[in-house]
Structures are given as C-alpha cells and as structure tokens.
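J.: Once you've had a glance at the structure underneath, I'll fire off some questions.
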Amino acid sequence: MSAELKKSNNSSSFDNLLDIIISDENWKKSQTIIQQLIGKELFLSTLNEFAIDKNYPEFCQWLQNFPLMKEKCLDCHLNCYNIQSNKPQIFRCHSGLTYLVIQLSSQVIATSIPILCDDFDIKDFIKYIEESQLPCDEGLKLIDKLRSENLVKQNQLLLALNLIESILEPLSIRLSEMNQGSIVIDKKFESSSQTMKRTEPISVEVLRPRRIEGRRAVITGIGVVSPIGIGKEAFLEGLLGSKNGVHRITFFDPSDLPSQMAGEVRDFVPTKYMDQKTVSHTARASQFAIAGTQMALEDAGIILEEENADRIAVILGAGTNGMEFAADQCYLYITEGRKRVSPYSGIIVFAGACSGAVSMKFGFRGLSHTISTGCSSSNDAIGASLRFIRSGDADIIITGGTDAAITSLTITAFSALRALSVRNDTPEEASRPFDKERDGFVIGEGSAIFVIEELNHALRRGARIYAEVLGYGATSDAYHIVKPAPDGVSAARAIYLALEDANLSPSDIEYVNAHGSSTPLNDKTETLISRMVFGK
12 MSAELKKSNN SSSFDNLLDI IISDENWKKS QTIIQQLIGK ELFLSTLNEF AIDKNYPEFC
72 QWLQNFPLMK EKCLDCHLNC YNIQSNKPQI FRCHSGLTYL VIQLSSQVIA TSIPILCDDF
132 DIKDFIKYIE ESQLPCDEGL KLIDKLRSEN LVKQNQLLLA LNLIESILEP LSIRLSEMNQ
192 GSIVIDKKFE SSSQTMKRTE PISVEVLRPR RIEGRRAVIT GIGVVSPIGI GKEAFLEGLL
252 GSKNGVHRIT FFDPSDLPSQ MAGEVRDFVP TKYMDQKTVS HTARASQFAI AGTQMALEDA
312 GIILEEENAD RIAVILGAGT NGMEFAADQC YLYITEGRKR VSPYSGIIVF AGACSGAVSM
372 KFGFRGLSHT ISTGCSSSND AIGASLRFIR SGDADIIITG GTDAAITSLT ITAFSALRAL
432 SVRNDTPEEA SRPFDKERDG FVIGEGSAIF VIEELNHALR RGARIYAEVL GYGATSDAYH
492 IVKPAPDGVS AARAIYLALE DANLSPSDIE YVNAHGSSTP LNDKTETLIS RMVFGK
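Structural data, given as structure tokens:
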C-alpha cells in the first residue's frame, strides 16, 4: 500500500479482537492483520469513490474475487452487479453494499477490509476469525451502535459509510493522499483506474412536502366494517375470539370457480347509516366508507356543527370501487341492451366515488382524494393524511380504506394469476401467511376508517388519543406488475424512509404489520425484507 498506516491511541469495540491477534504467537502476520483492520477507512473510502464515479462493474467484479463476500451476496439475494446481463444496477448496488457493511456482522466487515493488501491470505484470516468466535459478537455491538445513532435517518450508502467511519474513528487512519484529494487504489483495481479523485461527502436530500413545525397527527376515532364484526368493539371481540370470517361465497353461486370462498360482510344494513336514495346511487365500497366514517366520527366525539367543514378532509384508499355494480351493469348490457344500463354507471364505479360519497354525506369541504395503489392503498392514504396535517392543509382528516370486490369476475381474474387459495373444503384454513403450506390469499371486503387529527386541535377539545402517526415512506421497485422484486430492496427502502420520517431506528420497532398475502412469492420476499431492516 502506498500510504503509511498508523494506529490511533484511542480504544474501540475492536480492541479485544486486536489484542488476541497481537498475542497469538501462531499468527505470523499479526502486524499485517492489524494494519488491515486499522485500514477500515481506506476500504470505506474506496467504496465511496466507486459510488461517486458509478464504477460499479469494476467494483463488483473485484468483490466477487473473495469467496466469503460472493457467498454472502448470493445468500442475501443482493447481488449488486448482474454479471450475466452485464448491466450495473445502481441502487441495488448501494443497498447491497449497505446490507453487507451494516447488517451481516463484523465477520463480513472484518473480512472485507483486509482485501486491500497484496500479501494477505484471505482464506487463512477467515478461518482464524471463525475459530475465534469473536467477530459476530462484536458485529452485534456495532450494529446496535449504528442503530442507536439513527442510521436510518440517512438512507443511502454514502452516508451510512460516513457514520461507520465515525464509529471506527479510534482505529481509523488519515491517509495523506486522502487529505490531498486523491486515493491510490490497490493494484487489484488496475483494470479500472489507478487514481480516483476524492470529492466532498455527498449529501443526500430527501424531498419532503411542506411541513409546519410542531404539527403532529394523532388518531382520535375508529370505525370498522368487517366480516368478523361491524364496529370497533365487535371487530376486536372477533379478533380476540379467533372468529373466522371466511366462508363459502353466498353472494352468487361459485361452483364453477377455482376459489369458492371469501370474507363476506353478511350482516351489513346500509340504510342504518344512509337513506335509500344514497344507497341506490353508491357502490358497496362507498357504503362501507360512509358507515365506517359515521362510526369513527361518533367514536372521536366530533360534533360537525361545531367544526369548520372547510378544515375537514377525506383521503381514502380503495383498490377498486363498484365492482359488483359494474358486473351487474355489464350483464344487463349484454342481455338486455344499452338502454338498460344505469346512467349512474360512470359515476358509481369511478375510483374517487367513495371519498366523494363521504364528503357529500357529511358535508366536509376540505380536499377529497381517493388513493388507489392496490394493496397499499390504505397505507398510502394514511401517509398522505399525515403529510396534509403536517402541512396545515387540514385539521381533521377522514382516512383509511374501503373495498368490496367479491364478484365472479374478480375471483376469476385473481385465480388466473394463481394468487387465490383453493382450500375450498376448509375455508377457515385457507389464508395462512408465512406458512409453509400457504397457497394464496382470500378475497374479502369491508372498511377501516380513522379520524386523524392535528394534535393541538385534539387536545383543545379533550379528545381521546389512540395513537400518533409518526412517519411514512413509499417506493416502487419498478419490477413487475404483480411479482415483488426478489431482492426486496425497494420495499426495505420504504421502511427506512418511514423510520427516517418518524426519527426512529429499526431497534425502536416492537410490532410489524406485514402485508402477508399468503402467496409463495410475497411472503418469501417480505421475510427477506424484515431480515434486511430488522435483522430477524
């Protein structure tokens, strides 16, 4: 190596490991190893330079030369370079390196660092540290330290590396070349470039909507329409009593369908929550939303006459709207002609109809949005509500999700994708997320509506507060219309963005509400994502 390596006098969490290496008389290359361990900053900075220059192919090909690194890459499905296609995948490279450096253990970290020296037998060193059984324990300490420092607030590799540098500062070196603005790369890199110019650390700015300091969003009301109970008390009782809401379909004859079961809301009476005219002009999903909103408002103790209707918004998530109405109208069109089609067809099946129906029913004059992003619609609606509360655009927001898509067409379509369970003889055992015998999900229906309120507004009126919405993150893996990207990187990034927004770290999280679609692909990927972010 072209630069002089010097050990700092300060202590660190790696001192014990270093002492053992120093005292091991059988380890002839102890000084070399110490130099390599002390040289962490050089390795991290090398990664930094490659990231800056986007020289991923050269870096990844170089990385694959080391058996342990190659094995770890393959194990965690985070290959940062697809050698077969010869195409660099930039963000996956970032995420893969972050995962390697942070999440695995210091065994990976420690074996990643020494590879910058020529006269070094990586296999011997791997064998040595495996026998010592120290690195994993030290790695856990390092990971805990990283998490306690809110690493997730900076969700990019470069900033992660900066933090690692600061933690390892007592064992780091300051190379004169780095101070002068360049790094001399080990000759293993000759295939790419000998010298790479160092730039100032990259600052990753996450674009956020307008946010007024001090405005926080809390949940003050809950309304539920579900197959196991209508109302929050009945729903909770159904959950605690392990009530099964999945049965053979009764809305129509499902005999010719591959999947013949669903989670039907069988005891819903819409006229309990709205007049007959509204029932006639709304889809079932909109009716669920109205019912859930009424229950949530009552639960929150909100008296509409005393509230400024201009400051109450509606943001609902809905995967579909009016599927049952559309199916009926299509049947009429085919069997009896176009004159039998309802003039309300184009309005009732409109995705935004559910939010519009709620706004009109209760007289809310704030913004009225419907977010339709498939299975994440409700989460996105709640996240959008958080941002609108923070921005000062509303004081109260009716949010959550609603859906009613139990139709022959819907089940046929999802069955064609092989996404639905076919356990028709035992419907109570059909949906089994993360189970080895899972075979798909079950179509259901219902609504879950929250009153989300600005904290000070809620406190002024003495509202009961269930919880606070702290953070939101969303990404797209841009991979496939129905399959999740197998590396899970984009989904993990969404979690990190939410944690960053909430000013939390993974170690702060005690409960994760997974998607759990009970499909082979999704559950496998979600398990990987959980391990990537939370370590288990």
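Numbering (the working numbering), first residue to last: 12 to 547.
A virtual CB, placed ideally from N, CA and C, is assigned to each residue, including glycine.
Kindly give me the distance between the Cβ atoms of A415 and A294, rounded to whole angstroms, as I take these residues to be in contact under 8 Å.
T.: Within the sequence shown, residue 415 is the residue found at index 404, counting from 1. Within the sequence shown, residue 294 is the residue found at index 283, counting from 1. Confirmed, Cβ separation roughly 7 Å.
J.: Does the beta-carbon of D278 have 16 or more other beta-carbons within 10 angstroms, so that it is buried, or is it exposed?
T.: Here residue 278 refers to the residue found at position 267 when the sequence shown is read from its first residue. That one is exposed.
J.: Do you know offhand how far M285's Cα is from G234's?
T.: Your numbering for residue 285 matches position 274 in the sequence shown. Your numbering for residue 234 matches position 223 in the sequence shown. So the alpha carbons of these two residues sit roughly 15 Å apart.
J.: May I have the straight-line CA-CA distance separating L532 from V500, to the nearest angstrom?
T.: Taking the sequence shown and counting its residues from 1, the one referred to as residue 532 is at position 521. Taking the sequence shown and counting its residues from 1, the one referred to as residue 500 is at position 489. Roughly 15 Å separates the two Cα atoms.
J.: Near S426, what residues of its chain come up, given a Cβ to Cβ distance below 7 Å and the 5 sequence neighbours on each side ignored?
T.: Working through the sequence shown from its first residue, we reach residue 426 at position 415. Result list for S426: L268, P269, S270, in chain order.
J.: In three-state terms, what does DSSP make of D519?
T.: For this step, residue 519 is matched to residue 508 along the sequence shown. Here D519 sits in helix by DSSP.
J.: Can you grab the Cα-Cα spacing for the pair I313 / V369, in whole Å?
T.: Within the sequence shown, residue 313 is the residue found at index 302, counting from 1. Within the sequence shown, residue 369 is the residue found at index 358, counting from 1. Spanning the two alpha carbons is a distance of roughly 15 Å.
J.: Taking three-plus beta-carbon pairs below 8 Å as touching, is the region 497-513 in contact with the region 337-349?
T.: With a cut-off of 8 Å, the region 337-349 and the region 497-513 do not count as touching, because too few Cβ pairs lie within range.
J.: Would you list the one or two residues that DSSP bridges to G274?
T.: The sequence position of residue 274 within the sequence shown is 263, counting from 1. G455.
J.: Cβ of A329 within 8 Å of Cβ of A302?
T.: Position 318 of the sequence shown holds residue 329. Position 291 of the sequence shown holds residue 302. Not closer than 8 Å, so no.
J.: Compute the distance between the beta-carbons of E465 and A228, then report whether it is under 8 Å.
T.: Here residue 465 corresponds to residue number 454 of the sequence shown, with the count starting at 1. Here residue 228 corresponds to residue number 217 of the sequence shown, with the count starting at 1. Against a cut-off of 8 Å, the Cβ pair of A228 and E465 comes out as a contact.
J.: Here's a check: name, in chain order, each residue in its chain whose Cβ is nearer than 7 Å to the Cβ of T381, leaving out the five neighbours to either side.
T.: Sequence index remark: in the sequence shown, residue 381 carries index 370 (1-based). Excluding sequence neighbours, T381 sits near L327, A329, A362, G363, C365, S366.
J.: I need the straight-line Cα distance from S528 to I422, nearest angstrom please.
T.: Working through the sequence shown from its first residue, we reach residue 528 at position 517. Working through the sequence shown from its first residue, we reach residue 422 at position 411. Approximately 15 Å, taken between the alpha carbons.
J.: When you compare each of R542, S458, G484, G394 to G240 by their alpha carbons, which one comes out closest?
T.: Walking along the sequence shown from the start, residue 240 turns up at place 229. Comparing Cα positions, the closest option is S458.
J.: If the criterion is Cβ atoms closer than 8 Å, does the pair T304 and F246 meet it?
T.: Locating residue 304 in the sequence shown gives position 293, where the first residue counts as 1. Locating residue 246 in the sequence shown gives position 235, where the first residue counts as 1. Taking 8 Å as the Cβ cut-off, T304 and F246 do not qualify as a contacting pair.
J.: In three-state DSSP terms, what is F299?
T.: Within the sequence shown, residue 299 is the residue found at index 288, counting from 1. Three-state DSSP puts F299 in a helix.
J.: Taking 8 Å as the threshold (C-beta atoms), are I506 and V480 in contact?
T.: For the purposes of this step, residue 480 is taken as the residue at position 469 of the sequence shown. For the purposes of this step, residue 506 is taken as the residue at position 495 of the sequence shown. Against a cut-off of 8 Å, the Cβ pair of I506 and V480 comes out as no contact.
J.: Does the beta-carbon of L420 have 16 or more other beta-carbons within 10 angstroms, so that it is buried, or is it exposed?
T.: To locate residue 420, count along the sequence shown from 1; it is residue 409. Flag for L420 reads exposed.
J.: Apart from the five residues on each side of it in sequence, which residues of its chain come closer than 8 Å, Cβ to Cβ, to A320?
T.: Working through the sequence shown from its first residue, we reach residue 320 at position 309. Cβ neighbours of A320 beyond the five flanking positions: G374, F375, R376, G377.
J.: Can you tell me whether F375 is helix, strand or coil according to DSSP?
T.: Here residue 375 is taken as the residue at index 364 of the sequence shown, counted from 1. In the structure shown, F375 sits in coil (DSSP, three-state: anything other than H, G, I, E or B).
J.: Would you check if the distance between the CB atom of Y477 and the CB atom of T231 is smaller than 8 Å?
T.: For the purposes of this step, residue 477 is taken as residue 466 along the sequence shown, with counting starting at 1. For the purposes of this step, residue 231 is taken as residue 220 along the sequence shown, with counting starting at 1. Yes, these two residues count as a Cβ contact at 8 Å.
J.: With DSSP as the reference, label T413 as helix, strand or coil.
T.: By one-based count along the sequence shown, residue 413 stands at place 402. Reduced to three states, the DSSP call for T413 is strand.
J.: Hey, V290 and P438 are a contact pair by Cβ (cut 8 Å); roughly how many whole angstroms apart?
T.: Start at 1 with the first residue of the sequence shown, and residue 290 comes out as number 279. Start at 1 with the first residue of the sequence shown, and residue 438 comes out as number 427. Wrong, their Cβ atoms sit about 29 Å apart, outside the cutoff.
J.: Under 8 Å Cβ to Cβ from F399, same chain only, skipping five residues before and after it: list those, please.
T.: By 1-based counting over the sequence shown, the position of residue 399 is 388. Excluding sequence neighbours, F399 sits near A324, I326, L378, A405, I408.
J.: Use the C-beta contact count for F452: other C-beta atoms within 10 angstroms, 16 or more gives buried, fewer gives exposed.
T.: Locating residue 452 in the sequence shown gives position 441, counting from the first residue. Answer is buried; the Cβ neighbour count reaches 16.
J.: According to the Cβ coordinates, are A525 and G482 closer than 8 Å?
T.: Indexing the sequence shown from 1 puts residue 525 at position 514. Indexing the sequence shown from 1 puts residue 482 at position 471. No, these two residues do not count as a Cβ contact at 8 Å.
J.: Based on DSSP bridge pairs, tell me the residues matched to G234.
T.: As a first step, residue 234 must be located in the sequence shown, where it is residue number 223. Per DSSP, I460.
J.: I460 and G394: beta carbons closer than 8 Å?
T.: What you label residue 460 is simply residue 449 of the sequence shown in a count that begins at 1. What you label residue 394 is simply residue 383 of the sequence shown in a count that begins at 1. Not in contact: I460 and G394 (Cβ atoms no closer than 8 Å).
J.: I need the DSSP call for I359, collapsed to helix, strand or coil.
T.: Here residue 359 refers to the residue found at position 348 when the sequence shown is read from its first residue. In the structure shown, I359 sits in a helix (DSSP, three-state: H, G or I).
J.: Please state whether DSSP places I393 in a helix, a strand or coil.
T.: As a working mapping, residue 393 is identified with position 382 in the sequence shown. Here I393 sits in helix by DSSP.
J.: R542 and R401 - do their beta-carbons sit closer together than 8 Å?
T.: As a position in the sequence shown, residue 401 is number 390, starting the count at 1. As a position in the sequence shown, residue 542 is number 531, starting the count at 1. No.
J.: What is the DSSP secondary structure of T530, counted as helix, strand or coil?
T.: Sequence index remark: in the sequence shown, residue 530 carries index 519 (1-based). Reduced to three states, the DSSP call for T530 is coil.
J.: Excluding the 5 residues preceding and the 5 following T282 in the sequence, name in chain order all residues of the same chain whose CB lies nearer than 8 Å to its CB.
T.: Position 271 of the sequence shown, counting from 1, holds the residue named residue 282. Once the five neighbours on either side are set aside, the close Cβ partners of T282 are V290.
J.: Taking buried to mean at least 16 other C-beta atoms within 10 Å of its own C-beta, is N390 buried or exposed?
T.: The residue labelled residue 390 in the question sits at position 379 within the sequence shown. Classification of N390: buried, given that the 10 Å Cβ count is 16 or more.
J.: Whole angstroms is fine: what's the gap from K81's alpha carbon to C386's?
T.: For the purposes of this step, residue 81 is taken as the residue at position 70 of the sequence shown. For the purposes of this step, residue 386 is taken as the residue at position 375 of the sequence shown. Unreliable placement is indicated for K81, whose pLDDT of 46 sits below 50; the coordinate value is still reported in the next sentence. Roughly 35 Å between the two C-alpha positions.
J.: Return the residue from the list G333, S518, E440, T384 that minimises the CA-CA distance to I492.
T.: Within the sequence shown, residue 492 is the residue found at index 481, counting from 1. Looking at the Cα atoms, T384 is the closest of the given residues.
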